[in-house]
Amino acid sequence: MERYTPGDSPNVTNFMARRTLATHGSFFRPFLFPGAHVLDCGCGPGTITADIAKCIAPDGQVCGVDGNADQIDLARQVLSGAPNAECRVASIYELPFENNHFDAVLAHALFEHLADPDRAAAELLRVLKPGGVIGLRSPDWTGRLSWPASGRAERALDFYAELQAANGGDLTIGRKLPSILRRAGFHAVRATASYECYAPVQVIAEYLAAQIEVTWQVPSGAWTTTELAEELRVWCRQPDAFFAQAWGEVVGVKAA
Ligand SMILES: C[S@@+](CC[C@H](N)C(=O)[O-])C[C@H]1O[C@@H](n2cnc3c(N)ncnc32)[C@H](O)[C@@H]1O
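Note that the numbering used here has the sequence shown beginning at 29, numbered continuously upward.
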């Protein structure tokens, strides 16, 4: 079973739309060259896709793909001024492209939601040209840093990870990305990691609280979803509230 945990509420979409290639995809920037043919898989509202379009202009072409038609509608608006960008609704498991099609493929913040990451990596390998480069970036929540200490806020953060696992995803996939690429047959696999520090912390707290309070999952322990969501909102308003998320990043090459 695979269900995309965040959904597509305005809260979620606005959260994603803050992202740029510079803030979230810099590990992949060296592989984007003018004239390249690029796939941005799981493009969401398309703000990273729009930056890729600029890097490969004027002759390169980027295609953003997302399984959610509403996200693609938003991405089309964001990409309306980019003549070298298009987007399509498609699943990562069945991409509507021939073999050996792209010079570079990026999947940013997607693999943590997938029930079958190996199958997804095999499909990305298929559409990549020999010699082409893949880049994946996903969170690893065991590396998160949060302050001030709060048992209930920590429980809320753990519950969100449990929720994603119940939906078929994995919030500790960041460290596993190199293994996934190697198993798929990629070469020259190279892993890095980085932290995203949320400022203000309310941005991430509200993103998580809104998802926790609408879920049908029942948390183990003493607190309800409503209490956990509310605790995140209270916690993040403290003057020194701090939350930083660890991301695993990996690049790999398809054998020539
Ligand atoms: C967390 S968002 C990331 C969006 C964008 N890449 C970013 O980082 O801002 C993940 C996106 O992947 C899409 N998605 C989830 N499962 C998918 C699947 N199996 N195939 C294609 N897209 C999928 C979701 O609809 C969502 O827009």
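For every residue, glycine included, the Cβ atom is placed at its ideal position computed from N, Cα and C.
Only a predicted model underlies this, so the values are computations on that prediction, with no experimental measurement involved.
Closer than 6 angstroms: is that where the CB of Leu138 sits relative to any heavy atom of ligand 1?
-> Here residue 138 refers to the residue found at position 110 when the sequence shown is read from its first residue. For ligand 1, at least one heavy atom lies less than 6 angstroms from the Cβ of Leu138.
What's the call for Ala233, buried or exposed, on a 16-neighbour Cβ count within 10 Å?
-> Position 205 of the sequence shown, counted from the first residue, corresponds to residue 233. Only buried fits Ala233, as 16 or more other CB atoms lie within 10 angstroms of its CB.
Inter-residue spacing [alpha-carbon to alpha-carbon] between Ile120 and Leu173 | Stepping through the sequence shown from its first residue, residue 120 is reached at position 92. Stepping through the sequence shown from its first residue, residue 173 is reached at position 145. Cα atoms of Ile120 and Leu173: separation of roughly 31 angstroms, rounded to the nearest angstrom.
Just to check, is the beta-carbon of Arg57 closer than 6 angstroms to a non-hydrogen atom of ligand 1?
-> For the purposes of this step, residue 57 is identified with residue 29 of the sequence shown, where counting begins at 1. Because no heavy atom of ligand 1 lies under 6 angstroms away, the Cβ of Arg57 does not count as near it: no.
State the start and end residues of the unbroken alpha helix (DSSP H) segment that holds Asp186.
-> Counting from 1 along the sequence shown, the entry for residue 186 is found at position 158. Start and end: 179-194.
Is it the case that the CB of Arg116 approaches a heavy atom of ligand 1 more closely than 6 angstroms?
-> Position 88 of the sequence shown, counted from the first residue, corresponds to residue 116. Outside the cutoff, so no.
Closer than 6 angstroms: is that where the CB of Ile80 sits relative to any heavy atom of ligand 1?
-> Here residue 80 is taken as the residue at index 52 of the sequence shown, counted from 1. No, the beta carbon of Ile80 sits no closer than 6 angstroms to any heavy atom of ligand 1.
Using a threshold of 6 angstroms, is the CB atom of Gly280 nearer than that to any non-hydrogen atom of ligand 1?
-> Mapped onto the sequence shown, residue 280 falls at position 252. Not so, every heavy atom of ligand 1 lies at least 6 angstroms from the Cβ.
Which value, in whole angstroms, describes the spacing of the CA atoms of Ala272 and Val229?
-> Counted from its first residue, the sequence shown places residue 272 at position 244. Counted from its first residue, the sequence shown places residue 229 at position 201. Using only the alpha carbons, I get a separation of about 9 angstroms.
Ordered list of alpha helix (DSSP H) runs contained in the region 40-120, each at least 4 residues = Counting only runs of 4 or more, we get 49-52, 75-84, 97-106.
Is the region 245-253 close to the region 140-154, with three or more CB pairs under 8 angstroms?
-> Put simply, the region 245-253 does not touch the region 140-154. Fewer than three CB pairs are less than 8 angstroms apart.
Take the Cβ of Pro38 as the centre, count every other Cβ of all protein chains shown within 10 Å, and call the residue buried at 16 or more, exposed below.
-> Along the sequence shown, one-based indexing puts residue 38 at 10. Under this definition Pro38 is an exposed residue.
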